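First up is the structure itself, then whatever we jot down about it.
Structural data, given as structure tokens:
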């Protein structure tokens with residue numbers, strides 16, 4: 030960390046007008062236990078701007094009808110909006126074609142979709158699936174289930190003490206038996222940004238497809254799936270200012286076309302008789318049933334909102350907060366930062382001597398500060414550091430240095446209680 | 008508004024820092040493991056039963072201040088009690104921490120310091136983890152007890 034950073038008085042390097050951003054989020058006016066809400070649990074879910082909330086209301090007040098089947102006005106309108114949402118996602122992650130975007134309930138469903146379709150078609154008994162030691166449970170369990178079904182083996186690429194992937198070790202684990210490499214773009218527990226492009230190149234050298242968990246990356250970085258050259262990329266709207274229950278999976282078109290459907294139902298078929306069903310084209314083949322049209326409208330609004338702020342500006346602001354918070358929090362007696370990778374995004378995980386994170390969370394909550402405490406659905410990461418849990422503060426576009434100061438005061442209060 | 012000091016009373020903090028009966032008694036003939044997946048708390052409760060009576064009790068593991076202090080004070084309370092008495096104390100303790108009844112505060116003695124937990128509903132599991140584990144050990148159940 031640079032020693033030149035910083036005091037709260039130091040003008041932030043951010044180009045974001047944070048007060049203006051804050052005014053876009055109605056929930057930030059909430060008071061918790063008589064204190065202003067300090068929301069630092071963004072890696073769990075971000076808050077939603079008025080623009081996203083309005084998009085949901087507008088959909089239900091003016092645009093609601095079922096898609097892809099009606100000849101009436103509203104159905105056509107809803108279909109157009111839905112497909113416009115798909116094109117917005119395509120541009121957001123720079124996919125080559127809109128048909129490479131499948132709407133899902135979120136990151137987890139996208140990963141399960143790949144495991145249950147491409148995975149079940151291609152993974153056999155003596156095969157291996159490679160994940161990393163920093164994966165969220167949602168990028169471990171779907172692969173474990175597949176391994177159990179097929180008798181395949183799950184291999185785990187190690188991380189070092191800073192929380193970075195050991196690339197040499199990872200590369201050694203890619204071999205003739207490997208069928209899939211699955212990894213997170215940004216670690217939810219440690220904040221590490223992984224060199225996805227490099228790892229994709231390693232896997233592709235062996236002809237192995239790569240599935241990327243992008244849940245923690247899309248809120249903080251510009252994602253370009255063609256530049257990363259990954260084969261699948263899954264993310265959720267709710268961590269990037271969008272609504273809950275909607276997400277998207279990018280899949281390389283040639284792979285999607287060769288894949289069997291995920292679920293059966295309406296919309297994913299082109300014709301059905303009791304003798305034979307013909308499946309619809311991609312991406313509809315993977316979207317059985319009436320989808321979350323309102324959610325797609327909200328996701329589109331979230332993308333537009335992020336783009337209106339500027340994703341690079343958001344990233345710059347969050348980096349500034351992370352550097353400031355890391356410096357201030359690590360200066361406190363007894364604090365140990367968990368996850369000190371050179372490349373990090375927006376996550377500050379730490380422990381405080383032998384005070385259990387859950388006790389810290391309760392005391393911070395009394396100060397109106399929302400942090401996540403626990404294993405962050407990444408128990409193997411906790412085991413790696415031999416700790417049961419951490420406290421995790423995670424930042425978004427609307428967080429401020431004075432909120433970091435509130436966090437620091439809160440941690441001091443914890444020390445007073447446990448003195 | 009709930010007050011932190013109601014939750015983190017001195018007695019609780021003291022027990023969390025220096026838990027009593029933090030051991031596996033030599034004569035252990037029953038044990039159970041308890042786990043709270045929400046926060047990763049994990050305790051093993053050991054019992055040396057003499058018929059229906061808890062002759063000796065100990066616990067080991069890791070957890071937050073509330074769960075550790077609760078385990079510590081539980082061991083002090085149930086040592087020498089019968090299975091039925093331990094069960095009845097847990098019922099009263101459970102009523103206390105869930106805010107269902109504060110009638111038994113006098114009867115619960117030192118355990119009454121946990122009454123503040125009722126103002127912090129997400130922490131009830133912390134206060135009761137060791138007790139659920141004790142029940143499992145008393146019943147001789149082998150499977151791991153989870154509060155989820």
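Residue numbers (the numbering used here), protein chains in the order written: chain A, 30 to 448; chain B, 8 to 155. Just so you know, even glycine gets a beta-carbon here, dropped at the ideal spot from N, CA and C. These numbers were taken from a predicted model, which means no experiment stands behind them.
Between residue 41(B) and residue 136(B), how many whole angstroms is the CB-CB distance? I'm expecting something under 8 angstroms. 5 angstroms
Is residue 143(B) buried or exposed, if buried means 16 or more other CB atoms sit within 10 Å of its CB? buried
Threshold first: 3 residues or longer. Then list the beta strand (DSSP E) segments lying entirely within the segment 333-375 of chain A, N to C. 364-367
For residue 340(A), which residues from the same chain have a beta carbon less than 6 angstroms from its beta carbon, with the 5 sequence-adjacent residues on both sides left out? 251
I need the DSSP call for residue 184(A), collapsed to helix, strand or coil. DSSP, read as helix, strand or coil, puts residue 184(A) in strand.
Quick one: complete beta strand (DSSP E) runs, 3+ long, within the segment 59-132 of chain B? The beta strand (DSSP E) runs lying completely inside the segment 59-132 of chain B and spanning 3 residues or more are 60-69, given in chain order.
For residue 45(B) and residue 294(A), I'd like the C-alpha separation in whole angstroms. 36 angstroms
Against chain B: residues of the segment 405-418 of chain A by CB proximity under 9 angstroms: Answer set for the segment 405-418 of chain A: 408, 411, 416, 417 and 418.
Whole angstroms is fine: what's the gap from residue 397(A)'s alpha carbon to residue 231(A)'s? Answer to the nearest angstrom: the Cα atoms are 46 angstroms apart.
When the Cα of residue 132(B) is compared with those of 101(B), 88(B), 113(B) and 24(B), which residue comes out closest? 101(B)
Integer Cβ distance of residue 213(A) from residue 164(A), believed to fall under 8 angstroms: 6 angstroms
At the 8 angstroms Cβ level, is residue 136(B) part of the contact set with chain A, yes or no? Not one chain A Cβ lies under 8 angstroms of residue 136(B).
By how many angstroms is the C-alpha of residue 289(A) removed from the C-alpha of residue 308(A)? Linking residue 308(A) to residue 289(A) through their CA atoms gives a straight-line distance of about 9 angstroms.
Check whether the Cβ atoms of residue 254(A) and residue 141(A) sit closer than 8 angstroms, and answer yes or no. Not a contact, by the Cβ cut-off of 8 angstroms.
Identify, in the order they occur along the chain, each residue of the same chain with its Cβ nearer than 6 angstroms to the Cβ of residue 111(B), setting aside the five sequence neighbours on each side. If you ignore the 5 residues before and after residue 111(B), its C-beta comes within less than 6 angstroms of the C-beta of 99, all in its own chain and listed in chain order.
Does any residue of chain B bring its CB to less than 8 angstroms from the CB of residue 395(A)? yes
Should residue 392(A) be flagged as near chain B, meaning a C-beta pair shorter than 8 angstroms? yes
Looking only at its chain, what residues have a beta carbon closer than 8 angstroms to the beta carbon of residue 347(A), apart from the 5 residues adjacent to it on each side? 249, 374, 375, 424, 425, 426 and 428
Fully enclosed by the segment 104-161 of chain A, which alpha helix (DSSP H) runs are 4 residues long or longer? 136-143
Give the single residue among 367(A), 46(A) and 88(A) whose Cα lies nearest to the Cα of residue 382(A). 367(A)
Cut-off 7 angstroms between Cβ atoms - residues of its own chain near residue 176(A), not counting five sequence neighbours on either side: 158, 182 and 183
So residue 134(A) and residue 127(A) are supposed to be a Cβ contact under 8 angstroms. How far apart are they, rounded? Not confirmed; about 20 angstroms, so no contact.
Cβ pair residue 320(A), residue 285(A) closer than 8 angstroms: no
Cutoff 8 angstroms; reference residue 104(B); Cβ partners in own chain excluding five residues on either side: 121, 122, 124, 125, 131, 134 and 135
Considering only the beta carbon of each residue, do residue 207(A) and residue 167(A) sit closer than 8 angstroms? no
Using a Cβ-Cβ cut-off of 8 angstroms, state whether residue 388(A) counts as contacting chain B. yes
Along the alpha helix (DSSP H) that carries residue 198(A), what are the first and last residues, could you check? For residue 198(A), the enclosing alpha helix (DSSP H) covers residues 196-202.
Exposed or buried, residue 10(A), counting other C-beta atoms within 10 Å across all chains shown (16 or more means buried)? The question about residue 10(A) has no answer here: the residues shown for chain A are numbered 30 through 448.
CB residue 113(A) to CB residue 104(A), shorter than 8 angstroms? no
Cβ shell of residue 38(A) (< 8 angstroms), same chain only, five flanking positions each side left out: Residue placement at residue 38(A) is poorly supported in this model, since its pLDDT is 42, which falls under 50; the coordinates still yield a value, given next. The beta carbon of residue 38(A) lies closer than 8 angstroms to none in the same chain, with the five residues before and after it left out.
Could you tell me whether any Cβ in chain B is nearer than 8 angstroms to the Cβ of residue 121(A)? no
How about residue 130(B): is its C-beta nearer than 8 angstroms to some C-beta of chain D? The chain inventory of the structure shown lacks chain D, comprising the protein chains A and B.
How far does the beta strand (DSSP E) with residue 298(A) in it extend, from its first residue to its last? 298-301
Measure the beta-carbon distance from residue 82(B) to residue 28(B) and round it to whole angstroms, keeping in mind my assumption that it falls under 8 angstroms. Yes, residue 82(B) and residue 28(B) are in contact; Cβ-Cβ is about 4 angstroms, under 8 angstroms.
Report the CB separation of residue 330(A) from residue 143(A) in whole angstroms; it is logged as a contact under 8 angstroms. That belief does not hold up - the Cβ atoms of residue 330(A) and residue 143(A) are roughly 27 angstroms apart, past 8 angstroms.
Is it right to say residue 44(A) is buried, meaning 16 or more other beta carbons lie within 10 angstroms of its own, or is it exposed? exposed
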